[in-house]
Amino acid sequence: AKPGSTEYNLLWCSSHLKPSTLRFMADFQKINHFPRSCELTRKDRLFRNIQRMQLMKGHRHFDFIPASYVLPGDYHEFYAHFQKNKGLYIVKPVASSQGRGVFLVSHPEQVPLDEHVIVSKYISAPLVIDGFKFDVRCYVAVTSYDPLVIYMYEEGLTRFATVKYEKDMKYLRNQCMHLTNYSVNKRSQYYVRNADADIENFGNKWSMSAMLRHLRSTGKDTAALMMQIENIVIKTILSAESSIVAACNMHQPFRGNCFELYGFDILIDEHLKPWVLEVNFSPSLACDTPLDLKIKSNMLCDLFSLVGVICQDPTAKRWIKSTRQRRIIDKTTGKSAVESEEKDLNIHMTGLNSEEIKILRRVKEEESRKGGWIRIFPSADSWDKYGHFLHSPDAHNLMLHQRLFPD
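As numbered in the UniProt record's numbering, residues 1 to 407 make up the sequence shown, in order.
Next comes the structure, spelled out in structure tokens:
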């Protein structure tokens with residue numbers, strides 16, 4: 001399609017949505033962002049949303065981001081906190097990525113007050129592997145906010161710093177020790193590139209699976225760790241749910257138009273506690289190494305299958321909604337998702353209105369073609385664990401949970 005054209009099946013863009021883009025979408029068209037996703041992906045908005053949930057629902061439920069302050073507005077609060085909690089703090093521009101403009105400070109006077117930045121307590125006791133600090137890039141997909149449907153990909157990336165970690169203040173300005181961003185460390189003279197996709201635990205970028213295998217070999221409970229990571233991913237998204245639902249209700253013409261791929265950056269501390277560092281809007285799909293290509297290409301192929309990109313002539317303004325024309329073939333069975341799920345769906349549809357039937361059908365069809373995506377919300381126990389955090393705990397969210405997990 002030509003730039004600016006409305007004749008497309010899938011619009012993949014790296015910028016935030018304009019309401020006008022959504023306004024003219026047909027029901028078969030899809031776009032890779034929800035309106036107001038910045039509530040998660042801007043560092044200041046993410047912190048404000050988590051802070052609001054801490055106040056409303058209890059700090060202990062949302063204690064997975066370090067103490068943070070948005071400057072210059074929160075300077076006095078930051079200064080008072082620093083007097084009681086001296087140590088290192090990390091400064092980040094509120095709307096940057098790839099480690100740009102990030103640095104560490106040991107005193108409030110070192111923070112510039114003429115820029116909008118977020119200052120967070122530095123996690124000074126990270127878990128290390130062979131002495132190197134690392135973080136994990138987890139891929140998370142949301143296919144709906146009302147009802148909320150969240151998936152996490154089975155594989156991710158582990159990014160290592162290129163200089164061994166030291167707590168000594170004299171290394172304060174060594175970015176290649178304290179930052180794990182690939183864009184920072186690839187310029188280091190100590191960067192080791194992995195040129196073989198089949199060797200997933202070599203160099204400065206590993207697969208997430210290789211990292212978990214290493215931790216298991218040292219006696220770490222990786223099953224519990226992954227459950228904690230899923231928990232903080234869900235709660236992070238819940239913190240912005242109400243704002244994004246409101247924007248969808250206002251601007252999204254059809255329920256299935258939008259989906260989103262987020263890149264969650266997770267740091268694990270020496271107590272095996274995961275922390276959300278940030279949520280990336282349009283996470284990098286660049287494939288600088290064979291391992292990147294292996295993981296990201298599989299993830300993207302499975303994402304397109306999951307969301308169900310429809311093979312429809314985009315020049316046709318009317319979407320013919322027959323089962324035959326919107327059938328999506330399951331690669332493993334050769335049967336269509338509609339055909340294989342029809343019998344199971346009929347059992348659970350009694351008493352639902354037409355809109356609820358569409359919602360249930362779509363989620364069941366996603367399940368049939370999910371590939372490596374794992375649905376983490378809703379799940380069998382998610383209503384008990386997270387229902388009270390939802391902005392809209394009734395209606396579609398409750399219906400979906402009850403129909404998917406009737407027992």
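A virtual CB, placed ideally from N, CA and C, is assigned to each residue, including glycine.
Item	Value
To which residues does DSSP link residue 207 through a beta bridge?	157
For the ligand COA, is there a heavy atom less than 7 angstroms away from the beta-carbon of residue 253?	The ligand COA is absent from the structure shown, which contains no ligand whatsoever.
For residue 400, which option in 350, 121, 373, 370 has the closest C-alpha, if you only look at C-alpha atoms?	350
Based on Cα-Cα distance, which residue from 212, 123, 33 lies nearest to residue 88?	123
Below 8 angstroms, how does it come out for the segment 297-315 and the segment 218-232: are there three or more Cβ pairs, yes or no?	no
Less than 8 angstroms between the beta carbons of residue 140 and residue 262, yes or no?	yes
Across the segment 4-20 and the segment 29-39, are there enough close Cβ pairs to call them in contact, namely three or more that are closer than 8 angstroms?	yes
Would you tell me roughly how many angstroms separate the C-alpha atoms of residue 82 and residue 276, rounded to the nearest one?	21 angstroms
Restricting to Cα atoms, I'd like to know which of 79, 97, 51, 24 is closest to residue 42.	97
Would you report the Cα separation of residue 95 and residue 115, rounded to the nearest angstrom?	11 angstroms
Residue 39 and residue 188 - do their beta-carbons sit closer together than 8 angstroms?	no
Comparing C-alpha positions only, which one of 55, 379, 266 sits nearest to residue 133?	266
Taking the continuous beta strand (DSSP E) assigned at residue 234, which residues delimit it?	That residue, residue 234, is in no beta strand (DSSP E); its alpha helix (DSSP H) goes 222-251.
Could you tell me which of 292, 54, 131, 380 sits nearest to residue 462, measuring between CA atoms?	Not covered by the structure: residue 462. The range shown for the chain is 1 to 407.
Taking 6 angstroms as the limit between beta carbons, can you name the residues of its chain near residue 68, skipping five residues before and five after?	47, 118, 120
For residue 148, which residues in the same chain have their Cβ closer than 8 angstroms to its Cβ, ignoring the five residues on either side in sequence?	142, 237, 238, 241, 377, 378, 390, 397
What is the residue span of the alpha helix (DSSP H) that residue 27 lies within?	From DSSP, residue 27 is part of no alpha helix (DSSP H); its letter is neither H nor E.
Give the secondary structure of residue 302 by DSSP, where H, G and I count as helix, E and B as strand, and everything else as coil.	helix
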